[in-house]
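Numbering follows the UniProt record's numbering, with no gaps: position 178 of the sequence shown is 178. Using N, Cα and C, we set each Cβ at its ideal position, and we do this for glycine too. All of these numbers come straight from a predicted model, not from anything done at the bench. To start, the structure itself, in structure tokens.
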Amino acid sequence: MSIRAWQAQQLGTPADVLTLVEAPSPAPGPGQVRVRVRASAVNFADTLMCAGDYQVRPDPPFVPGLEVCGDVLEVGEGVTHVAVGDRVLGGTAVPHGGFASECLMEASRTFSAPVGLDDEASAALMISYQTGWFGLHRRAGLREGEDLLVHAASGGVGSAAVQLGKAAGARVIGVVGGQDKVAIAQRMGCDVVIDRKSEDIIARVKEVTDGHGADVVYDPVGGSAYTASTKCIAFEGRIIVVGFASGRIPEPRLNHAMVKNYTILGLHWGLYEQHEPQSIRDCHAELVRLADAGRIEPLVAETFAFDEVPDALTRIAGGSSTGRIVVTAAPRSARA
């Protein structure tokens, strides 16, 4: 039996190296699950993988696509928590990634999909929301009533943190880049939205917190966003370093952290799978509870058809997208 798959034949930009091929249906090994793909979330890491710049570096040919929602077709040895026919979401087992009609998933990252979310939203749940939950709760210990500052609040990673912050009872201050993104951040739940292109982040945060500053900062941007955060962080505040979408990795002034008495917290979500796998499952159970209660829902801003995968990856690489980009199983003709 064969499947359709977008295969990277060599390393480079997705538009140059991805080819749609007929390939054998993958067979799950021990601890793996074979899934019929309903929808695949697009991550910036997928573009890095195609270029050979990601932490996981499969040799070509391989199929990228790190995050999916689909139906279980077959389970490998030792897999007991999901069964054939289950609708699931989670992380794939590259080289048999999610930009295909079938993929393999790692059982340790395969979870039941929430009833309250459709396929596209379910595909986009795991990475952004698990990262947000561990960052806000495990690393920063966010408390009800605190002021949470979220950079890139209209993006996929930032919008997840906004919703999780609101669910935790925080007052959320979102930072966006442009007036077109203000309404999106407000819709996701921000109490205050700052347009960094027309407003001074530091002055506005101090203004809306009556000089107190942000108790917790969620920073997937780095660069100047991190620098601004250090100038409006509260006494005993916590800055969560999530990523560097700006392309610039800041060099913290540790004397500044000492003098102002704030904490810089690194977050590598994947390490919890290695060191505390049960915490990943517990987190997912909490996310399902919040999703089914209508408290969180991934912002799926754009959908692409299956035969538009290279276009979807080119779009996310451009850095101007909002929310999450998802590839559906349907071809372009079925969506027209």
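Host alpha helix (DSSP H) of L125 (start-end) = Careful: L125 lies outside any alpha helix (DSSP H) and carries neither H nor E.
ask   = Going along the chain, which residues of its own chain have a beta-carbon closer than 7 Å to the beta-carbon of A168, five neighbours each way excluded?
value = L136, L142, E144
task = Kindly indicate which residue of A185, A93, A15 has the alpha-carbon position closest to the one of S108.
result = Nearest C-alpha to S108 among A185, A93, A15: A93.
ask   = Helix, strand or coil for C50 per DSSP?
value = In this structure, C50 counts as helix in the three-state DSSP scheme.
message = Considering only their Cβ atoms, is the gap separating G213 from A228 smaller than 8 Å?
response = In this structure, G213 does not lie closer than 8 Å to A228 by Cβ.
ask   = Between F134 and Y272, is the Cβ-Cβ spacing less than 8 Å?
value = Y272 sits close to F134, with the two beta carbons spaced by under 8 Å.
inquiry  = Just verifying my parser: in three-state terms, what is the DSSP assignment at R138?
reply    = Shown here, R138 sits in a helix according to DSSP, grouped into three states.
ask   = R139 to M1, Cα distance in whole Å?
value = So the alpha carbons of these two residues sit roughly 46 Å apart.
key: Whole-angstrom C-beta distance between V68 and V84, which should lie under 8 Å   = Contact flag wrong, Cβ pair sits at about 17 Å.
Nonlocal neighbours in the same chain, by C-beta distance under 7 Å from V115, ignoring five residues either side = D292
query = Which residue from V241, T209, F111, S112 puts its Cα closest to that of G158?
reply = The candidate whose alpha carbon is nearest that of G158 is V241.
task = Verify whether the separation of the beta carbon atoms of V79 and V88 is less than 8 Å.
result = Remark: C-beta atoms of V79 and V88 do not approach each other more closely than 8 Å.
query = Between G319, F111, P220, V33, which lies nearest to T131 when the distance is taken from Cα to Cα?
reply = P220
request  = From the DSSP output, in three-state form, read off I249 for me.
outcome  = coil
ask   = Going by beta carbon distance, what residues of the same chain come within less than 6 Å of M49, once the five residues before and after it are set aside?
value = Only P64 meet the Cβ criterion.
Inter-residue Cα distance where the pair is R238 and Y218 = 9 Å
key: P60 and A15 closer than 8 Å at C-beta   = Their beta carbons are not under 8 Å apart, which means P60 does not touch A15 by this criterion.
inquiry  = What does the alpha-carbon distance come out to for the pair L164 and D200?
reply    = 25 Å
ask   = By Cβ distance, which residues of its chain are closer than 6 Å to A334, with the 5 residues on each side in sequence left out?
value = Here the model assigns A334 a pLDDT of 48, short of 50, so the residue's position is not dependable, and the following value carries that caveat. If we look at A334 and ignore the five residues flanking it on each side, it has no Cβ neighbours.
task = Could you say if the segment 242 to 250 and the segment 181 to 195 meet the contact criterion of at least three C-beta pairs nearer than 8 Å?
result = no
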